[in-house]
Structures are given as C-alpha cells and as structure tokens.
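Q: Before anything else, here's the structure in question.
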Amino acid sequence: MATNKRRKLEGLDVPAKAPESPATPASHHTQANAIQVMSAFAARQQLWGTSATKTESTPVNEDPTPVKENSTPVKTIATRRNKRATAKEQVSTPLNEDPTPDLNRERGNSIPPTPILSPILGTPIPPVVRERQPQYSSLKPHKKNYQLKPDGCVVLRTPDGERLVILGSYGIRVQQGEASVAGAQLTPLDPIQWVHAPHCHALPVLRTSEDTVIELHPHPAAEGLRQLARLNPAFGKLWNELPTQGVPSPKESTFQILFSSEDVPKKVALQELVSPPEWNRKLAALVAMKRKGTSPIFFLCGPKSSGKSTFGKLLANRLITDRAGNKNAPWSPVYVLDIDPGQPEFGPSGVISLVKLTNPNLQPPFCHPTLEPVQSIIRSHAIAAVTPALDPEHFIECVIDLFTTYQTSQPQGKRPPLVVNTPGWIQGLGLDILSDLIKAIKPTEVVYMSTEGPEETVSGLRSAVSSNPPPSPAIFSTLPSQNITETLSPSRIPLSLRTMQTLSYFHLPPSPTPFPTWNPTPLSHIRPWRVRYTGPDRGFRGILCYDYQPTPNILAEAINGMILALVRIDDKAALRGLEDVVEAGKEKIPLINNPMGKTIDPRFSRLVGLVLVRGVDGRRGEVQVLTPVKMEGVGVEKGEGEGLVLVMGKFDTPSWSYTEDLYLKDFKDGREDGDSDGEGGGDDRPEQEVPWVQRLHGSQNRGAGATVWRVRRDLGRS
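Take the sequence shown: its letters are residues 1 to 718, numbered as in UniProt numbering.
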C-alpha cells in the first residue's frame with residue numbers, strides 16, 4: 001500500500017499521463033521534470049509562488065483594455081495538469097493583444113472595468129458589470145421645460161415630443177399641442193382629466209407631440225383614497241413615496257414622474273401599460289367602423305388575464321376622444337356592457353351593468369366603483385356571485401335585458417358604439433354562455449384575445465358567429481394575449497382586488513364633485529340606516545335567497561355581517577309567483593319562501609345598490625344596514641317597501657369590514673405592518689372583542705410553517 005501511494009505521488013506530473021496543450025511553452029516541461037520527486041501539496045505551493053511572481057512582474061503602464069472573456073464559467077473538475085497549463089496560458093497572455101472593440105461601451109449598455117488577476121492561479125476574475133438603469137420617461141427636466149407652481153401644479157414643455165410614466169394621482173390638462181394617455185387623445189379643448197395610477201396596475205404612458213405644453217395638477221381626492229390603507233393593508237404602498245432627486249416637487253405631492261428605475265419605490269414590480277402592434281392596428285380598424293355611423297357592437301372575449309379589460313379600456317377611450325379629423329368636434333359617448341361579475345370594471349363584484357361613458361376611463365376599477373355624477377350607470381343587475389356558474393340562465397337573462405336597454409336608448413344609426421366585456425370562462429359551460437350571447441347580441445365583430453386556442457373554444461365561437469343572419473355577418477378576429485405581468489402586478493391577486501373594490505364602494509359616499517371622494521372612517525363609526533321590516537310602513541318586502549335558503553330559525557345569523565343586494569321590483573311579475581312570505585326565527589324577519597331556487601326576472605327589476613347588514617334588532621323589528629346609496633330617493637325611509645327586496649347570494653364575505661378598527665388602532669399605535677412574525681410578546685394590553693374576528697398571537701392556533709423560520713447556526717456546538 002505504501003509503494004502504490006508513493007508511486008501515485010511521484011507520477012503526478014508525468015507528461016505522458018496528461019494531454020499536452022499546444023499552447024504550453026517549453027519551459028513548463030522543464031519545470032515539471034524538476035519537481036517529479038515532490039508531494040502534491042509542495043508542488044501546488046511552488047506553482048502558486050511562481051504565478052504570484054509573474055503577476056507582480058506585469059508592467060503598470062500597460063494598456064488597460066480588458067480581455068475578451070468567455071461568458072461561460074470554467075469547469076472546475078479537471079486534472080491537475082490541465083489546471084497548471086491553463087494558468088500558464090492566462091498568465092503569459094499580454095493584456096493589450098486583443099483588438100476586439102468594446103461593443104458594450106459603444107452602446108452605453110454597461111461599463112466593464114479592467115479585470116483583476118487572481119493572486120493564486122493567475123486567472124482573471126470576472127469583472128463586475130454595472131448595468132445601465134432603464135429609463136421610463138424620456139424627458140430630461142431643466143428650467144426651460146419643467147416649471148413648478150406654488151399650488152403644486154407642474155407645467156411641462158416638450159418641443160420634441162416626450163413620453164412620461166407617472167406614478168400616483170394627478171390631473172392632465174393640455175395647454176398647447178396634443179397628448180395621449182391610455183388610448184385617449186387630449187387637446188386644449190378638453191377639460192382636465194383625473195388619473196389614478198397605482199403600481200398594482202399597469203401605469204399608463206403619457207405621450208406628447210411636438211411643441212406641446214401640459215399641466216399636471218395634484219389630485220384633490222388622493223388623500224382620502226390613500227387613507228384607506230389605515231383600514232386595510234391592501235391599499236398600502238401603492239403610490240409615490242419620495243420626490244425625484246434633483247427635480248423640484250412639493251413635499252406632499254400626489255404624483256411622481258418616474259425618470260429611471262432609481263425613482264421606483266423599493267420592492268415594486270413596475271409595469272407599463274403596453275399595447276402590442278397587433279392591438280394598435282385592430283384599434284384603428286375598429287375606430288374606422290365607428291366613423292361610418294353604423295352603431296358598431298364589439299364583443300370582447302378570451303381566457304383569464306388575456307387583456308380583455310385592458311383592450312376594452314383602450315378601445316373605449318379611443319372611441320370617446322376620436323374626432324374623425326375635426327379638431328373642434330366634441331367627444332362622443334360610448335356604452336360599455338360590463339358583464340364580468342368576478343372583476344367588473346364599473347361597480348362592485350357580483351354586479352353586471354350597462355354604463356354610458358362620456359369621459360375617458362383613466363383609473364383602475366377600485367378607483368371608480370360608482371360613476372356618478374359625470375358618468376352614469378344606465379341599468380344594473382345583481383348576479384349575487386362572482387361567477388356566472390351560480391345560475392347561467394339568470395346570467396344570460398340579465399345580459400339580454402341590459403342589451404335591450406341599450407337598443408331602446410336611441411334609434412338605429414344614432415346609437416353610440418357598444419363595447420361588451422365578458423368573463424374569462426371560455427370552456428365547457430362558459431363556452432355555451434358566450435355562444436348564446438353572441439347569437440342574441442349579434443355583434444359587429446367578435447375579438448378573441450388569444451392566438452393559442454384552445455381549438456375547441458375558437459371553433460365554437462366561429463360557429464356562433466356564422467349563425468348570424470346574412471345581412472350583417474359578424475367578423476371573428478384574434479389578437480395575441482397580453483403578458484400577465486403587464487396586466488396584473490403579482491402584489492395583488494384577484495381576491496385582493498375584489499376586496500379593494502368592495503371596500504372602496506362602501507367608503508364612497510355621494511359627492512357633488514366631478515371626481516369621487518372617499519371617507520376613510522371605519523364603517524363601525526358610521527351611523528347606519530335603521531330599516532323596519534314589520535308593520536304596514538316596513539322598508540322592504542322581504543329577503544330572497546339565491547341558490548341556497550338557510551333554515552328560517554338561523555336567518556338572522558346568516559345575514560348578519562353579510563352583503564345583500566337591494567333590488568327594486570317594478571312589477572309583481574318579477575317575483576315569478578313567489579308570493580309566500582314567512583316570518584323567520586324569533587326576530588320574525590320576512591323571508592320570501594323560495595324552495596325551488598328561483599331568481600328575480602330582470603325585465604321587471606333593477607339593482608339599487610349593495611348593503612352591508614350591521615345588525616338585526618328583533619325587539620324593534622329593524623335591520624341596520626350600511627350603504628353608499630342615497631336612501632332618500634329609494635323610498636325605504638317612507639315605508640314604501642313593497643317594491644324593494646333584499647337578495648342574499650354568494651357575495652364575498654366582507655371580512656375586511658370586521659378588521660378595520662383593528663388596523664386603524666395598529667396604525668395609530670405605530671404598528672403599520674399589523675401582526676408581528678410570531679417572535680416576542682408584543683402588546684399585552686387587553687383588547688376589545690370584535691365579532692367574527694380572532695386575533696392570533698405568535699404561533700397560537702397556527703399550523704406548522706405559518707410563522708417565520710429562523711436559521712440556526714449552533715447545531716454543531718456542544
């Protein structure tokens with residue numbers, strides 16, 4: 001064993017056992033023969049010393065042009081002979097021999113520094129490349145093109161045309177020239193347009209033409225909207241944080257121009273509102289149809305997160321602000337049939353509506369849950385669920401009724417264009433629903449927002465389109481889907497967006513201003529409406545349950561703390577024969593008996609609004625509700641309740657309303673992040689009990705892995 005081991009050490013550097021590199025100098029063979037009787041450790045030490053000597057002998061005044069490096073890492077698993085040969089090659093190579101030009105330096109993409117030689121093996125260490133920061137806005141502010149007024153208004157002059165990406169809430173007014181944002185074309189004739197641009201949605205890009213002067217105004221309602229973060233963390237960290245360095249800005253500005261990635265808030269995945277070239281060509285073609293004066297109907301469908309809502313918003317803004325070549329022409333209205341109950345553009349979740357737009361839509365859905373007074377909802381219905389699967393037949397009936405309302409608004413040829421935004425359910429029963437709607441609506445063009453199928457869906461939609469009568473055959477076209485990272489930031493999932501939209505709806509009281517103003521007071525601090533449900537002057541007819549009817553004895557517990565839909569009945573035919581009203585439980589709440597799961601006929605009814613049941617007072621025969629609807633004109637307070645019905649369905653549980661006081665208390669105490677990570681005591685003061693809420697401290701009642709995992713570094717200690 002000793003002989004074999006000694007033979008292995010002695011034959012370590014024999015040239016016959018390792019392939020010889022053609023670039024190896026002759027001196028290397030002499031050195032290898034000189035160290036044959038030597039251990040591997042001693043040979044390596046001698047090699048390190050030789051390499052370090054050659055490294056130090058490099059002239060200081062040589063050309064520092066970097067050597068062109070291979071981007072692939074060098075293999076570490078190799079023979080010792082190859083390692084030494086590689087080290088010799090790289091040490092003996094002059095630094096100024098490579099005449100290859102530095103393309104990165106010419107393009108300005110990065111600044112590669114001079115490589116540093118390793119003192120051990122002499123191999124160059126990969127240089128640290130400083131990537132160029134991406135630019136969001138092309139404008140370079142200076143005194144001539146950027147002016148800040150005392151009231152916080154910013155005046156921008158763009159003689160060459162610029163692009164601006166702005167984060168926050170602001171107003172746009174064009175003094176001179178033209179500007180475009182989110183498909184809307186703005187001129188000096190147009191009034192100021194208010195924009196909300198949080199980073200949880202794609203930021204609209206403001207583009208200006210040559211010789212354009214625009215004004216950016218602080219948003220008056222930005223403070224109330226941002227204060228909703230005190231009630232729910234989903235609204236937190238969505239807006240601009242600090243002013244841009246080197247640019248004059250008020251201390252509490254409601255917006256921030258993003259010039260580079262250094263201006264973006266930390267830990268934010270920022271996305272711009274992108275319109276692919278295929279979208280732009282299709283938008284131009286659809287606007288050309290509108291100019292013909294044929295009242296076109298555009299039916300948008302496609303998979304989830306394919307960009308239907310984004311494309312529909314761009315299309316509606318283009319149709320509204322299109323002047324058909326006449327710069328002095330006013331804007332023209334556009335109707336939108338918003339029939340996606342899961343993520344509606346206008347209104348809270350579980351509601352579909354017909355909307356008349358007179359101004360461009362430059363805000364995310366949770367910033368305009370109601371459209372009064374500038375824009376209006378013509379008619380709406382409560383699906384009472386976030387998906388049409390609860391009752392597909394009722395969903396189709398509601399959509400057809402809304403479309404009939406659009407048809408009867410004005411005569412043919414004078415009606416504004418209609419944009420139909422559909423749910424992302426495209427397979428199975430969802431495909432059948434879309435096919436039935438296409439046959440009933442008979443759109444001018446059906447736009448499918450995907451070029452990747454599925455083939456069954458595409459063929460089914462084509463078949464439905466071809467079934468229309470010959471006088472007005474519909475056009476079926478496909479567009480590429482928008483990347484999911486461009487339509488929805490991963491910081492907010494669909495459930496969080498629905499929560500934000502519903503919370504915004506209930507905190508938005510009626511306001512006479514042209515923009516919505518929010519009330520950041522917790523709902524538990526707002527005086528509710530007390531509606532009587534007994535006696536001759538009761539405020540509503542009864543409670544009707546969709547899909548599932550609980551036992552009458554627990555009806556009060558079932559509706560307490562839940563969201564209900566307030567529906568006005570225009571004719572008794574809307575109840576479909578549901579005349580049996582029973583008194584449920586000890587509270588004697590009127591319950592419209594519905595054992596067969598019938599729904600209200602949408603032809604003889606309409607939605608008034610959503611209400612949140614705050615409590616049931618059985619002794620007084622009253623139910624306390626919270627709602628942003630103007631109850632003075634509904635008739636509840638006058639005892640005209642025979643024409644009103646409260647509908648209970650499968651709305652999302654308003655758990656956000658139960659914790660508003662707790663989040664507000666944490667904010668006032670300085671704990672903006674809510675609950676801690678489970679390590680430590682925290683606040684030991686007794687807390688007031690909140691209905692349906694249990695605060696967990698540390699690992700209390702939590703599963704394994706629910707708290708933050710700590711790395712232990714003392715496992716090897718005794």
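All C-beta atoms in this analysis are idealised placements derived from N, C-alpha and C, irrespective of residue type, glycine included.
1) CB-CB under 6 Å to ARG614, same chain, minus the five flanking residues each way: which ones, in chain order?
2) Give the DSSP bridge partners of LEU357, in chain order.
3) Assuming GLY224 contacts PRO520 under a Cβ cut-off of 8 Å, what Cβ separation, rounded to an integer in Å, is found between them?
4) I need the DSSP call for PHE515, collapsed to helix, strand or coil.
5) Alpha carbon to alpha carbon, how far is PRO265 from LEU203? Give it in angstroms, no decimals.
6) Nearest-angstrom Cα distance between LEU148 and GLU252?
7) Starting from HIS196, follow its DSSP beta bridges and name the residues at the other end.
8) Taking 8 Å as the CB-CB cut-off, is THR451 touching chain C?
9) Throw me the rounded Cβ distance for the PRO276 and PRO512 pair, which I believe falls under 8 Å.
10) Leaving out five residues on either side along the sequence, give the residues of the same chain with a beta carbon under 7 Å from the beta carbon of PHE506.
11) Beta carbon of TYR448, beta carbon of TYR335: below 8 Å?
12) In angstroms, rounded to a whole number, what distance separates the CA positions of LEU644 and CYS398?
13) With distances taken Cα to Cα, identify the nearest neighbour of LYS665 among LEU156, LEU231 and VAL355.
14) Grouping DSSP H, G and I as helix and E and B as strand, with all else coil, what is THR444?
15) Enumerate in chain order the residues of its own chain whose CB-to-CB distance from ASP601 is below 7 Å, with the five nearest sequence positions on each side excluded.
16) Looking at residue 728: is its Cβ nearer than 8 Å to the Cβ of LEU578?
17) Classify THR451 as buried or exposed, calling it buried when 16 or more other Cβ atoms lie within 10 Å of its own Cβ.
18) Look up LEU610 in the DSSP assignment and say whether it is helix, strand or coil.
19) Which residues in the same chain as ASN701 place their Cβ atom closer than 6 Å to its Cβ, once the five residues preceding and following it in sequence are excluded?
20) Would you tell me roughly how many angstroms separate the C-alpha atoms of CYS392 and ASP432, rounded to the nearest one?
21) How is SER481 classed by DSSP in three states: helix, strand or coil?
22) Quick check: the segment 649-665 against the segment 550-564, are at least 3 beta-carbon pairs closer than 8 Å?
23) Could you tell me which residues DSSP puts in a beta bridge with SER260?
24) The beta strand (DSSP E) spanning PRO218 covers which residue range?
25) With distances taken Cα to Cα, identify the nearest neighbour of residue 721 among HIS525, PHE540, LYS588 and VAL531.
26) First and last residue of the alpha helix (DSSP H) that includes PHE395?
27) Using 8 Å for Cβ pairs, my map puts PRO176 next to PRO188. What's the rounded Cβ distance?
28) Tell me, please, which residues DSSP counts as bridged to HIS381.
29) Can you grab the Cα-Cα spacing for the pair residue 788 / ASN317, in whole Å?
30) Where LYS442 and LYS414 are concerned, what is the direct C-alpha to C-alpha distance, given to the nearest angstrom?
31) Quick check on this structure: which residue in LEU662, THR212, TRP709 and SER332 has the alpha carbon closest to the alpha carbon of GLU689?
32) What are the boundary residues of the alpha helix (DSSP H) that GLY529 is part of?
33) MET631 by DSSP, collapsed to three states: which one?
34) Grouping DSSP H, G and I as helix and E and B as strand, with all else coil, what is ASN33?
35) Please go through the same chain and pick out, in chain order, the residues whose beta-carbon is closer than 8 Å to the beta-carbon of PRO303, but skip the five residues on each side of it.
36) Based on Cα-Cα distance, which residue from ASN240, ALA234, PRO360 and GLU178 lies nearest to THR212?
A: The short version:
1) PRO528, GLN624 and LEU626
2) VAL334
3) 6 Å
4) coil
5) 14 Å
6) 13 Å
7) SER169
8) In the displayed structure, chain C is absent; only one protein chain is listed.
9) Not really, about 41 Å apart at Cβ, beyond 8 Å.
10) LEU523, LEU612, LEU626 and PRO628
11) no
12) 18 Å
13) LEU231
14) coil
15) ALA573, ALA574 and ARG576
16) A question about residue 728 goes unanswered here, because the residues of the chain that appear run from 1 up to 718.
17) exposed
18) strand
19) none
20) Note that residue 392 corresponds to Pro in the displayed sequence, not to Cys. So the alpha carbons of these two residues sit roughly 10 Å apart.
21) coil
22) yes
23) GLN135
24) 212-218
25) Here the chain comprises residues numbered 1 to 718, so residue 721 is not present and cannot be evaluated.
26) 392-407
27) In the sequence on display, residue 176 carries Gln and not Pro. Correct: roughly 6 Å between the Cβ atoms.
28) ILE352
29) Because the chain in this structure spans residues 1 to 718, residue 788 falls outside the shown range and cannot be described.
30) 18 Å
31) LEU662
32) Per the sequence presented here, residue 529 reads as Trp, with Gly not at that position. Careful: TRP529 lies outside any alpha helix (DSSP H), inside the beta strand (DSSP E) at 529-532.
33) helix
34) Here the model assigns ASN33 a pLDDT of 46, short of 50, so the residue's position is not dependable and the matter cannot be decided.
35) GLY424, ILE426, MET449, SER450 and SER481
36) GLU178
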